[in-house]
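A.B. asks: Starting off with a structure, shown below.
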Amino acid sequence: MTEAERAAVIKESSLLKEYLLKCMPEPGKFSTAIEGLSMLRRESGSHVENCFYKPSIGLIVQGNKHSRVGSEEYTYGENQCLLVSVDMPSSFSSSEASHDRPFLAVSLDLDRFLIARLAMELPAVSDPGSNTCKGVVVADADFDLVNAFLRLVRLLENRDQVAFLAPAVVQEIHYRLLTGPLGKNLQKFSTCGTHSNQIARAVAWLRENYKEPLRVEDLARRVNMGTSTFHRHFKQVTTLSPLQYHKRLRLYEAQRLMLMEDADAASAGLSVGYESPTQFSREYKRMFGEPPRRDVMRRR
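Numbering (my numbering), first residue to last: 39 to 338.
In structure tokens, the structure reads:
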């Protein structure tokens with residue numbers, strides 16, 4: 039990126055920051071009238087949150103963010119974006135955030151059907167059966183992407199325009215991603231016959247059926263892969279083994295039930311598929327560092 043291009047990005051980002059501050063006078067995560075678009079403002083950098091990233095593109099507008107996605111860690115800052123191509127277990131915190139200089143970010147859920155439709159009109163990926171892509175990538179945001187997010191956020195000031203204009207800007211963002219440096223990843227995850235697409239299908243099945251016991255060989259057969267090949271490519275995409283991923287799905291959901299729905303540890307464990315409360319407590323402590331009840335009280 040040239041100095042002129044970088045200056046243009048900074049200018050657009052400054053305008054986007056003004057709109058985000060106007061839309062979010064207080065800290066929090068905010069959904070919007072535009073489906074899939076959310077905004078985040080944080081004024082403390084000490085709190086770590088666990089979540090499951092959905093396929094999405096997140097743009098940092100002010101501050102820095104540290105994310106642990108799967109078994110890998112990413113630190114990224116202003117005018118950088120995080121592209122998530124498959125559902126991923128994650129934890130994140132924002133550093134150096136304060137009331138005077140809050141952490142600001144905007145994200146858009148990706149529409150896999152829109153990606154597949156647009157990808158059909160673009161040149162096909164070469165050698166689709168190889169080169170499994172990672173499910174998470176960090177990259178610098180270019181002018182076109184920041185400008186598109188700016189125009190999308192601006193629509194929130196004119197709610198009557200959202201239904202007519204937002205879909206076009208959302209499609210543009212998907213197009214910019216597919217034709218930019220991150221496009222190879224998205225195309226491979228949306229192209230039938232690629233290993234990345236097969237793993238994405240397996241992840242989607244796991245997300246819907248996490249309460250069921252996992253037999254890796256059955257899941258591999260479901261997406262037409264041999265067990266050893268499936269295991270290898272699953273770890274390349276998610277940085278976790280299928281069993282590790284399945285376990286995190288259950289534990290993250292159990293934590294959410296206890297925090298958000300006031301479930302007790304025993305019922306939360308049963309709700310996500312554990313038959314033994316002792317096993318649930320043991321695996322929960324191994325994941326989060328404390329037994330369920332103590333961990334939830336501390337987070338509250």
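Backbone N, C-alpha and C define an ideal beta-carbon position, used for all residues, glycine too.
By DSSP's criteria, M71 is part of a beta bridge. Which residues make up the other side?
C.D. replies: Note on identity: in this sequence residue 71 is Ala, with Met being the wrong assignment. DSSP, once it has assigned bridges, lists no residue as partnering A71.
A.B. asks: At what residue ranges does the region 202-284 contain a whole run of the alpha helix (DSSP H), taking only runs of 4 or more?
C.D. replies: Listed in chain order, they are 221-228, 233-246, 254-260, 265-276.
A.B. asks: Does H212 pass the burial test, meaning 16 or more other C-beta atoms within 10 Å, or should it be called exposed?
C.D. replies: Buried is the call here.
A.B. asks: Identify the continuous alpha helix (DSSP H) that holds Y57 and give its terminal residues.
C.D. replies: From DSSP, the alpha helix (DSSP H) with Y57 extends over 41-61.
A.B. asks: Under 6 Å Cβ to Cβ from P166, same chain only, skipping five residues before and after it: list those, please.
C.D. replies: Its pLDDT being 47, under 50, P166 is placed unreliably by the model, and nothing is read from it.
A.B. asks: Round the Cβ separation of S128 and V107 to the nearest angstrom and send it over; I've been treating them as touching at under 8 Å.
C.D. replies: Sure, about 5 Å apart at Cβ, within 8 Å.
A.B. asks: Rounded to whole angstroms, what's the CA-CA distance from E313 to Y290? Just pull it up for me.
C.D. replies: Rounded to the nearest angstrom, the two C-alpha atoms are 17 Å apart.
A.B. asks: To the nearest angstrom, how far is the alpha carbon of L54 from that of F187?
C.D. replies: Taking the straight line joining both Cα atoms gives about 8 Å.
A.B. asks: Given a threshold of 16 other Cβ atoms within 10 Å of its Cβ, counted over all protein chains shown, does T316 qualify as buried or as exposed?
C.D. replies: The residue in question, T316, is exposed, as its Cβ has fewer than 16 Cβ neighbours within 10 Å.
A.B. asks: Taking contact to mean 3 or more Cβ pairs, one atom from each stretch, closer than 8 Å, check whether the region 138-155 and the region 212-223 are in contact.
C.D. replies: Contact holds: three or more Cβ-Cβ distances are below 8 Å.
A.B. asks: Comparing alpha-carbon positions, which option in V175, K285, L244, R139 lies nearest S105?
C.D. replies: Selected option, being the one with the closest Cα: V175.
A.B. asks: Use the C-beta contact count for P329: other C-beta atoms within 10 angstroms, 16 or more gives buried, fewer gives exposed.
C.D. replies: Classification of P329: exposed, given that the 10 Å Cβ count is below 16.
A.B. asks: Taking Cβ positions, are A238 and V86 nearer each other than 9 Å?
C.D. replies: No, the Cβ-Cβ distance between A238 and V86 is not below 9 Å.
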